[in-house]
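There are 2 protein chains.
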Amino acid sequence: MTGPLPENPDRGDKREAILDAALTLFAERGFHGTAVPLVAERAKVGAGTIYRYFENKEALVNAVYRKWKHAFTAAVVETFPFDAPVREQFHALWTRIFGFANDHPTALQFIELHHHAAYLDAESRALEEQSLAPARALLDETRRQQITKDVPSAVLIHIVWGAFTRLVKAAAEGQITLDAETLDQAENCLWEAVRR
Amino acid sequence: MTGPLPENPDRGDKREAILDAALTLFAERGFHGTAVPLVAERAKVGAGTIYRYFENKEALVNAVYRKWKHAFTAAVVETFPFDAPVREQFHALWTRIFGFANDHPTALQFIELHHHAAYLDAESRALEEQSLAPARALLDETRRQQITKDVPSAVLIHIVWGAFTRLVKAAAEGQITLDAETLDQAENCLWEAVRR
DNA sequence: CTCCGAGGAATGAATGTTCGTTCCGTTCAA
DNA sequence: TTGAACGGAACGAACATTCATTCCTCGGAG
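Heads up: the sequence lines are chains A and B, in that order. For the first sequence, this note's numbering begins at 1 and goes up steadily by one. For the second sequence, this note's numbering begins at 197 and goes up steadily by one.
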């Protein structure tokens, strides 16, 4: 699943070095725009070494995708206040998602860029669904309670997530600055977008 | 600018065939993932012919980008009711943008995919700014009139545009269906996101 | 404690393939 | 007949991947 592992466990950091280099380069230049030897150079590793850890370039991009999609899901779900009032849950969701974007901007850029790409395999695709499950559950529940609008929760999710990722991208490009106040204002905008 | 043109004006449709093929392939597989000979094949044209019309692959992608960015801007601005009440202007904006997405789904996908890409030249970059100028003007004005929230108009634009493109992409992938009612609901969501 | 040799890990030059681009013989319109 | 337009074979560069070789680690013999 994770590719062949070297038998000496001390050297597992090579794998991480490769994953890190691949994350950055794939995020910046895309899958087809990134040459494998370039990944090797950035990871300070021989080109052939990559193939000791990953079957091929496609397996590598899938490994990067899964690693960070899992990290994202974990960051959102961990210690999530599932029993708090819904407005508070929305705030928690927003805060965690942005916290992740702040801690790992390259990872979010990578995830967005490779969303639904042709070279992602079935297992990676399945993770795409899974990662937004808490949001879907929340919005389904709030709709039932007539707190949010009578609109399919999938539509609301795409509105919030689409707006969010765009804001992050714009911030990364320096078009806007996402300080605490702006972030709060944006959260408020989107709550009003979804609330009844 | 537009590359060398054949001197016989009758044959200008070859250029269009190339642009059309390039639009579809670049939208589906990205810039680096699309081979020039493949574009030629789809355009039913010899590989060499492409280079009679475009200096190189980069010039081609820029030409596609400009063509459709112009078309998009035109579709939005044409007969726009600049003097209508602001809520109506917002509706007009929403309707026109979605009308474009509906008429030319591949073009919108292409534009989104190549947004701020490294291989776009300065002139193409300039068009990115220009195309959302009407929206910016509208949101600046409504903020002055205290109709929309006291949030930088750039932030509001990214919220609306981000939500919109995500909805279109989700619809293209079959995750949601954007019928007239859903579209109306979504417009309402985003108006409430921006209005005071 | 030192040295040796076995075997897995790592390497990067070599390989076959695919790409962007060019070149040139052919076709077509006038 | 002539010159522009065209197609597609051909070319060098760049790519993903392989593999013969080197490096490193460590167990055990002396």
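We put the CB at the ideal spot given by N, CA and C, even for glycine.
So residue i contacts chain B; which residues on that side make the cut at Cβ distance below 9 Å?
i, result
"residue 149/A", "381, 384, 385 and 388"
"residue 167/A", "351, 354, 355 and 358"
So, does the CB of residue i fall closer than 8 Å to a CB anywhere in chain A?
i, result
"residue 197/B", "Because the pLDDT of residue 197/B is 40, which lies under 50, any placement of that residue in the model is unreliable, and the question is left without a value."
"residue 341/B", "no"
"residue 370/B", "no"
"residue 300/B", "no"
"residue 366/B", "yes"
"residue 327/B", "no"
Check whether chain B comes within 8 Å of residue i, counting only Cβ atoms and requiring the distance to be less than that.
i, result
"residue 161/A", "yes"
"residue 197/A", "The question about residue 197/A has no answer, for chain A in this structure spans 1 to 196."
"residue 5/A", "Residue placement at residue 5/A is flagged as unreliable, the pLDDT there being 38, under the threshold of 50; the coordinate-derived value follows with that caveat. No, no contact with chain B."
By the criterion of Cβ-Cβ separation under 9 Å, what are the contact partners of residue i in chain A?
i, result
"residue 297/B", "Here the premise fails: no neighbours, minimum Cβ distance about 13 Å."
"residue 310/B", "Per Cβ cutoff of 9 Å: no residues; residue 310/B is ~11 Å from chain A at best."
"residue 378/B", "151, 152 and 155"
Below 7 Å on C-beta distance, what does residue i contact in chain A?
i, result
"residue 266/B", "Under the 7 Å cutoff, chain A gives no residues; its nearest Cβ is about 22 Å from residue 266/B."
By the DSSP assignment, the alpha helix (DSSP H) with residue i in it spans what residues?
i, result
"residue 96/A", "86-103"
"residue 244/A", "Lying outside 1 to 196, the shown extent of chain A, residue 244/A is not represented and no answer is given."
"residue 358/B", "349-368"
"residue 269/B", "253-273"
"residue 82/A", "Segment: none, residue 82/A is in no alpha helix (DSSP H) and carries neither H nor E."
"residue 39/A", "36-42"
Taking the alpha-carbon of residue i as reference, which of the options has the nearest alpha-carbon?
i, options, result
"residue 273/B", "357/B, 331/B, 350/B and 210/B", "331/B"
"residue 158/A", "112/A, 170/A and 27/A", "112/A"
"residue 282/B", "231/B, 335/B and 306/B", "335/B"
"residue 221/B", "285/B, 316/B, 305/B and 358/B", "305/B"
"residue 146/A", "188/A, 69/A and 194/A", "194/A"
"residue 22/A", "65/A, 48/A, 52/A and 55/A", "65/A"
"residue 33/A", "51/A, 95/A and 61/A", "61/A"
"residue 196/A", "151/A, 117/A and 68/A", "151/A"
"residue 41/A", "18/A, 28/A and 52/A", "18/A"
Residues of chain B with a CB under 8 Å from the CB of residue i: which are they?
i, result
"residue 24/A", "Result: empty, since nearest Cβ-Cβ is about 15 Å, beyond 8 Å."
Residues from the stretch 224-242 of chain B in contact with chain A, defined by Cβ distance under 7 Å:
Residues passing the 7 Å Cβ filter: 226, 228 and 229.
Below 7 Å between beta carbons is the criterion; list the residues of the stretch 52-84 of chain A that meet it against any residue of chain B, in chain order.
Answer in chain order: no residues at all.
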